[in-house]
Amino acid sequence: MGALASFGFLSPWILVALITLPVLWWLLRAVPPAPIRRVFPAMTLLLGLKEDRPEAQRSPWWLILLRLLAVAALIIGFAGPVLNPQERAAQKGPLVVFIDSFWPAAANWQARVDAVDQVLLEAQQQGRMAVVVRSHLSEIAPFSAAGLWREKLAAMQPAAWDAPYDTPAFMSLPKGEFLWLSDGIARDGRAEILNSRSNKGTVTILEPNSAIYGLPPAQMTNGEITLTVQRAHAGPAKTLLIQGMGRDPAGQLRPLVQADAIFAAGADQAEITLSLPPELRHRISWFELPDAKSAGGVTLVGEALTRRRVALIGAQKNETLALLSPDHFLRAALEPSAEIIEALQIDDVLRASPHVIILPDVPKLAEPDQRALAKWVANGGLLLRFAGPRLAAAQASRGGQGAQGGFAREDVLLPVRLRAGGRVVGGAMSWGSPQTLAPFAANSPFYGLDIPSDVTVARQVLAEPDPDLAARTLAELADGTPLVTRKLLGGGQVILVHVGANAEWSSLVLSGLFVEMLKRLMTSSAGGAGQATNGEVIVAEGGRSDRPPVWQLTRKLSADGRLVAQDPVRPIDNHALQQAVQTRASAAVPPGVYQDETRQAVVNALAMGDHLKSAQWPATIVPEWGQTDRLRDLSGPVLSLGLTLLLIDVVATLWITGNLARRKAAQTSGMIVALALVMPLILPSMGNAQEQPSAEVDVIAAAAEVTLAHVLTGDAALDALAQAGLQGLSDALFIRTSVEPALPVGVDLERDPLAVYPILYWPISSAQAQPSSAAYDRLSRYLAAGGLILFDTRDAGVGGDGPEARKLRALAGPLGLPPLDPVPEDHVVTRAFYLLDAFPGRHVGPVWAEAAPPGAEAQEGVPFRVLNDGVTPVMIGGNDWAGAWAVRPDGAPLLPVGRGRAGDRQREMALRFGINLVMHVLTGNYKSDQVHIPALLQRLGQ
Amino acid sequence: MPQKVAPQALGQKAATLAAGLPPLLSDARHLADTVMLGDHGRRRAGQGDAFWQFRPAQPGDPAHRIDWRRSARSDQAYIRDREWQAAQTITLWVDPALSMRYGSDANGPSKSTRATVIALAAAMLFLRAGERVGFLGSARAPLCAEATLPDRLTDLLAAPEVPKDLRPRGRAIFLTDGLGDPNLLDAALSQAASRKVHGALLQILDPAEQDFPFAGRSLFQDMGAVLEMETQEAADLRAPYLKRLAARKDALAAMCRRRAWAYHCHDTSAPPSHALLWLYHALEARR
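This is the structure we're talking about:
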């Protein structure tokens with residue numbers, strides 16, 4: 048009884064139908080199985096014979112029982128049997144389900160959905176109204192039937208970010224039983240919401256006690272990556288795998304680095320440090336916890352870890368002493384962290400799209416180079432220049448000119464105007480001692496770097512005093528003269544270091560400070576002046592440029608920790624993004640990868656300083672999970688049991704009546720049973736099965752033999768004519784040549800592979816739809832691989848601007864065809880098989896093919912030029928060749944051509960053209976090569 | 003029960019039936035090839051190809067029959083006699099009854115297929131032996147050469163329901179399942195005997211008809227679905243049916259014996275060559 052008590056029915060009144068079972072029993076008993084019909088010719092011998100047992104045979108008892116069971120199972124199934132109904136105390140009034148739907152819930156979202164579904168199922172039984180509220184959506188739907196919410200529930204997804212509760216909205220939730228599916232993470236507003244329910248109804252809190260892990264952004268210090276794994280509940284010791292995902296050199300996305308984070312017992316975070324070679328580090332796109340995948344368990348790594356491309360210009364190999372070369376120290380400082388591109392030409396460099404271009408003591412650039420460089424800088428590049436003797440000398444000459452004109456004009460590619468000659472301090476011929484560096488100002492990108500005391504500057508170039516010189520100075524010497532100046536230029540910047548890049552002028556390059564300064568400058572090219580709290584360098588610079596950058600979300604992180612393409616890309620408010628980068632993702636700025644034209648930023652679900660803490664509930668409330676028996680809907684299994692019994696009945700009935708032995712009946716019944724068994728497997732995949740391309744077989748057949756093909760235009764009559772035309776041409780080829788084509792086929796440009804057809808006949812119909820770009824892509828690949836398309840406007844070439852001619856231009860335009868000429872009289876198609884001087888179809892008009900190369904000349908004593916090596920990719924004409932070739936199935940011509948004998952001659956010529964064309968396609972310029980035949984024959988003769 | 007069928011429909015039916023005949027012909031040829039027989043002469047001078055004897059020419063002999071080579075050796079003129087090779091006409095009748103179309107095994111032959119194969123094979127054998135072969139019911143003259151046999155296949159379809167109007171003093175082969183009215187067959191045999199026609203009757207039965215392997219509630223129908231009989235337990239009918247079948251066979255054998263005809267019962271599950279050999283020897287023995 049106890050077991051039975053946990054059963055219930057959703058619609059118990061359907062069980063009334065069970066009383067019909069005895070009636071069914073009686074009926075089945077009364078009706079014997081149908082006799083087997085047997086054909087037997089010796090009826091004359093059989094007639095009049097009597098059997099021993101004349102009474103009617105009855106159906107066997109087990110068959111009747113089987114049928115009764117089947118019917119009973121169906122009735123019970125439709126009555127909706129459920130296990131464990133109404134465990135909870137029957138509640139009246141509306142139900143408010145509140146789900147914590149931020150990323151911590153993603154790990155076991157399905158379990159949460161199931162739990163809510165359970166509750167809603169019970170509410171549905173009790174006919175209660177319900178509302179489901181998700182914590183990341185502030186708007187609250189009105190009450191509706193619980194069954195409706197069950198349907199919506201399947202589509203509900205958690206959010207990929209975490210945010211404090213929208214307390215005012217959730218505190219005003221309507222009265223009713225309150226069911227809170229908590230994720231167990233401490234969050235602002237939790238206590239307030241709980242308090243607001245105190246006089247609105249009972250509160251139940253469901254909280255799965257599963258561990259929640261989070262991975263705040265990685266930190267880079269001294270080339271080492273530090274990762275801190277957090278967990279909400281400090282539990283026993285645990286080891287968790289961390290993977291760094293990225294593309295390997297083959298472009299395959301795979302774990303590039305794996306490490307174990309070890310939680311000590313009672314600790315809620317574990318720290319690991321990865322020391323990776325730069326090459327590997329730059330490849331890593333994100334770190335993740337593969338065993339606890341959620342948006343919080345993934346931390347995206349932006350460009351901070353990627354290798355920057357730095358171009359060195361004017362690097363000359365033939366310097367006598369490497370240590371004197373202006374770029375030796377630059378190279379030494381940059382090599383560990385950047386990819387160095389070396390080139391002598393500015394345009395070579397720009398083609399490599401570097402992040403930074405360094406000009407070590409390059410005095411003057413050619414005018415076009417200057418313009419290109421300025422444009423590149425304006426698009427967000429960083430131009431880093433170093434002074435040196437040559438620059439100083441160049442400025443001296445400029446300065447002279449400038450003095451005459453009053454002011455020296457400012458060089459676009461220099462941040463400040465320079466005074467001629469520079470200055471020398473502390474040298475043998477000068478006063479004073481070498482200068483030291485002044486401490487860096489707080490707004491300088493170098494702020495915070497230690498200045499070694501032994502760094503001195505003996506020579507430098509000097510800036511002309513200017514109103515904005517102070518604003519452009521990033522670093523200065525102790526006496527206030529600028530050492531590093533910067534000018535913003537469009538989206539980029541030009542930086543000048545007023546000393547040389549070698550040790551001649553200053554000992555700066557010998558110090559570690561130089562390396563650090565370079566690093567700061569490099570990273571500033573990504574746009575940021577410093578490290579944001581999210582671990583990413585980013586937009587800080589963007590706000591200051593003239594044109595605010597447009598950031599777009601290109602790939603977003605789903606709540607379960609997968610990076611998916613955001614389609615369409617979503618523009619993001621610049622300030623919101625800036626804020627999100629500083630703090631963490633939010634509804635406005637979901638976690639993911641953001642891009643503007645040149646830069647990339649990432650936003651993570653967890654910020655650098657975040658700590659996962661478990662939620663604290665008042666002592667009176669005990670979160671529960673999984674203690675209650677689950678309500679299970681049994682109608683599915685019971686119904687399928689009933690159907691299975693009916694299927695068995697089909698087979699058994701056939702067996703009883705002996706029809707199972709008869710092949711046809713056995714096949715039919717077998718098919719029914721097999722279909723019933725297989726149907727559930729097939730149905731979900733039906734959509735895919737229908738997309739199975741049927742073209743495969745055609746292609747294999749077409750590849751096996753020479754197959755002429757025509758493009759299906761969508762005009763059924765025209766397609767049929769093209770088919771008949773190619774059939775006629777195929778027949779002529781078969782009869783007259785050694786080409787034995789298979790049956791011609793019509794190809795659908797969107798779907799069918801083209802590569803196996805040597806020639807495509809494309810009749811132009813103004814009704815044809817423009818093919819897709821994918822189709823054009825395939826067509827141009829087809830042409831590039833040696834295919835030929837014969838365009839036929841069928842208007843005798845007199846159309847001029849007729850609809851077909853216009854359509855032809857529209858259709859052939861995207862193909863990128865070579866220049867065309869009317870087919871010259873020495874074109875190889877005029878002698879590929881027959882000697883032809885015209886190419887008639889049903890009309891006689893001009894025909895165009897690829898133009899001969901400009902320099903083609905006839906050789907001495909040869910009647911034709913050596914023309915194109917290869918096959919013309921297109922022939923274009925309007926002669927309606929298919930109409931002339933077309934034959935009926937009995938071989939007679941389909942359409943009239945011309946009049947009388949002349950018409951027959953024209954049809955013959957049309958066929959000859961077709962044969963020549965196919966020969967041309969199949970043999971290329973073979974006939975052109977026959978110019979050598981006299982020589983070959985002569986040689987053979989000897 | 004003979005059905006009235008429109009002539010056009012009959013022609014169509016004949017065409018479909020005849021379409022199946024050429025393959026049967028090749029079956030029959032294979033079958034006939036298994037039986038190799040020598041040419042047989044009449045052991046006396048007459049029409050024929052083989053040399054029989056030289057005899058002195060007598061007044062009245064046509065001059066072209068004188069064998070000049072033999073006559074030149076002596077003073078007398080000799081005539082070259084050839085052995086008389088008399089050909090007899092053998093008439094074939096394949097029972098066209100609907101019941102002959104029955105075949106219990108869908109892959110095996112029906113009775114009429116088997117009968118046709120045997121009939122054609124026998125026809126080939128006799129044609130090769132120099133006899134003439136005719137098909138009962140055909141208006142055309144009997145065949146003389148095997149080569150023309152393929153053209154005469156349609157004669158098979160013209161067979162009458164009851165064999166009658168046989169050529170006197172010929173020989174005949176009846177191939178039937180013997181399930182029709184035995185009195186009609188008896189009358190046909192006695193008519194044949196009165197015309198001095200001797201021959202053989204081959205009864206062809208299906209294994210299902212020999213064994214009656216049925217059980218359970220059954221509704222039996224004849225081939226035309228004209229006669230029906232329902233039984234609750236078919237297995238109960240087996241013993242009385244077999245008794246009736248044996249009686250029918252005995253009756254057929256007895257009526258054949260009375261007219262000095264040969265009788266044999268052939269089962270379609272047995273190879274046809276046995277029946278063919280029996281048939282050939284049955285006719286040879288009575289020559």
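Heads up: the protein sequence lines correspond to chains A and B, in order. Under this note's numbering, think of the first position of the first sequence as 48, with each following residue one higher. Under this note's numbering, think of the first position of the second sequence as 3, with each following residue one higher. A virtual CB, placed ideally from N, CA and C, is assigned to each residue, including glycine. In this text the structure is predicted, and so the values were computed from the model without any measurement.
For residue i, which residues of its own chain have a beta-carbon under 7 Å away from its beta-carbon, when the five flanking residues on both sides are left out?
i: Arg237(A); result: Tyr212 and Ala662
i: Ala59(B); result: Ile68, Ala79, Tyr80 and Ile81
i: Leu96(A); result: none
i: Ala859(A); result: Phe838
i: Ala441(A); result: Pro410 and Lys411
i: Ala30(B); result: Val119, Leu122, Ala123 and Met126
i: Lys198(B); result: Pro170 and Arg171
i: Ser1023(A); result: Look at the range of chain A in this structure, 48 to 989, and you will see that residue 1023(A) is not part of it.
What residues in its chain sit with their C-beta under 6 Å from that of residue i, if we drop five residues either side in the sequence?
i: Arg533(A); result: Pro462, Arg519, Leu521, Gln540 and Ile542
i: Ala931(A); result: Gly888, Arg889, Val944, Arg954 and Ala957
i: Lys222(A); result: Lys247 and Gly248
i: Leu51(A); result: For Leu51(A), the predicted structure reports a pLDDT of 45, less than 50, and the residue's modelled location is therefore unreliable. A value from the coordinates is still provided. Excluding residues within five positions, none has a Cβ falling inside 6 Å.
Please determine, among the options, the residue with the shortest C-alpha to C-alpha distance to residue i.
i: Val786(A); options: Val753(A), Val357(A) and Leu807(A); result: Val753(A)
i: Thr483(A); options: Ala440(A), Val357(A) and Leu530(A); result: Leu530(A)
i: Tyr4(A); options: Gly793(A), Ile811(A), Ala548(A) and Ala814(A); result: Since the first residue of chain A shown is 48 and the last is 989, residue 4(A) is not available in this structure.
i: Arg76(A); options: Ile111(A), Pro492(A) and Leu94(A); result: Ile111(A)
i: Ile319(A); options: Val348(A), Arg294(A) and Leu288(A); result: Leu288(A)
i: Gly313(A); options: Ala279(A), Ala306(A) and Ser322(A); result: Ala279(A)
i: Gln172(A); options: Ala929(A), Arg567(A) and Pro59(A); result: Pro59(A)
i: Ser185(A); options: Val508(A), Gly479(A) and Ser219(A); result: Ser219(A)
i: Leu560(A); options: Leu167(A), Pro499(A) and Gly547(A); result: Pro499(A)
i: Leu964(A); options: Asp614(A), Val628(A) and Ser777(A); result: Ser777(A)
i: Arg142(B); options: Ala160(B), Ala189(B), Ala149(B) and Phe128(B); result: Ala160(B)
i: Leu195(A); options: Ile187(A), Asp209(A), Trp208(A) and Asp164(A); result: Asp164(A)
i: Cys356(B); options: Asp63(B), Arg134(B) and Arg116(B); result: With chain B covering only 3 through 289, there is no way to say anything about residue 356(B).
i: Phe310(A); options: Leu347(A), Gly261(A) and Ala342(A); result: Gly261(A)
i: Val504(A); options: Gly527(A), Glu511(A), Asp235(A) and Phe493(A); result: Gly527(A)
Bridge partners of residue i, per DSSP?
i: Cys294(B); result: No answer is possible for residue 294(B): it lies beyond the span of chain B, which begins at 3 and ends at 289.
i: Gly495(A); result: Answer is none; Gly495(A) lacks a bridge partner.
i: Pro940(A); result: Val934(A)
i: Phe433(A); result: Pro407(A) and Val544(A)
i: Leu837(A); result: Tyr808(A) and Met922(A)
i: Ala385(A); result: Arg355(A)
Can you list, in chain order, the residues of its chain whose CB lies under 8 Å from that of residue i, leaving out five sequence neighbours each side?
i: Met292(A); result: Leu300, Arg301, Pro302, Leu303, Ile331, Ser332, Trp333, Phe334 and Glu335
i: Leu807(A); result: Ala756, His757, Val758, Val794, Leu801, Tyr829, Gly834, Leu835, Ile836 and Leu837
i: Asp295(A); result: Arg301, Leu303 and Arg330
So is the beta-carbon of residue i under 7 Å away from any non-hydrogen atom of the ligand NAP?
i: Arg948(A); result: This structure lacks the ligand NAP, and indeed carries no ligand of any kind.
Taking all protein chains shown into account, decide if residue i is buried (16 or more other Cβ within 10 angstroms of its Cβ) or exposed.
i: Phe54(A); result: exposed
i: His375(A); result: buried
i: Gly453(A); result: Low local confidence applies: a pLDDT of 40 at Gly453(A) is under 50, so the model's placement there is unreliable, with the coordinate-based value given in what follows. Exposed.
i: Ile980(A); result: exposed
i: Ser106(B); result: buried
i: Thr135(B); result: The amino acid at residue 135(B) is misidentified as Thr; the sequence shows Val. It counts as buried.
i: Pro9(B); result: Confidence in Pro9(B) is poor, its pLDDT being 49 and thus under 50, which makes the residue's placement unreliable; the coordinate value appears in the next sentence. Exposed is the call here.
- request: Mind the definition here: the segment 62 to 76 of chain A touches the segment 203 to 222 of chain B only if three or more C-beta pairs lie below 8 Å; say whether that holds.
  value: Put simply, the segment 62 to 76 of chain A does not touch the segment 203 to 222 of chain B. Fewer than three CB pairs are less than 8 Å apart.
- prompt: Taking contact to mean at least 3 C-beta pairs separated by less than 8 Å, is the segment 175 to 192 of chain B in contact with the segment 90 to 100 of chain B?
  reply: Taking a contact to require three or more Cβ pairs closer than 8 Å, the segment 175 to 192 of chain B and the segment 90 to 100 of chain B qualify as touching.
- prompt: Do three or more CB pairs link the segment 228 to 236 of chain A to the segment 141 to 154 of chain A at distances below 8 Å?
  reply: Touching, yes, given that three or more Cβ pairs across the two stretches are closer than 8 Å.
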